[in-house]
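In what follows, a structure is listed as structure tokens, so that the remarks can point back to it.
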Amino acid sequence: MSHQKRLSAPKHYPVDRKGLTYTTTAEGSRSPDQGITAVVFLREVLGYAETKKRQNR
Numbered sequence: 011m012s013h014q015k016r017l018s019a020p021k022h023y024p025v026d027r028k029g030l031t032y033t034t035t036a037e038g039s040r041s042p043d044q045g046i047t048a049v050v051f052l053r054e055v056l057g058y059a060e061t062k063k064r065q066n067r
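Everything in the sequence shown is counted per this note's numbering, starting at 11 for the first residue and increasing by one.
Next comes the structure, spelled out in structure tokens:
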């Protein structure tokens, strides 16, 4: 997974623009407008972890 600044994240991402600095982007052939990554879904939508490192545990 690569990263990008939250301010430049697609508008359909349910992320707080002024929270953390970076968010993840999906790699592959799909465009960013077709979905969100699992990290963003688990962290921002469901609220399971505060960071990706804690989410991987």
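C-beta atoms are modelled at their ideal positions from N, C-alpha and C, and glycine is treated no differently. As the structure is a computational prediction, the values presented were derived from the model and not from experiment.
- H22 has its alpha-carbon roughly 14 Å from the corresponding atom of T34.
- The C-beta of A48 has fewer than 16 other C-beta atoms within 10 Å across all chains shown, which makes the residue exposed.
- Going by beta carbons, V25 and E54 fall inside the 8 Å limit.
- Residues Y23, V25, T33 and T34 of the same chain have their beta carbon placed closer than 7 Å to that of V50, with the five preceding and five following residues left out of the count.
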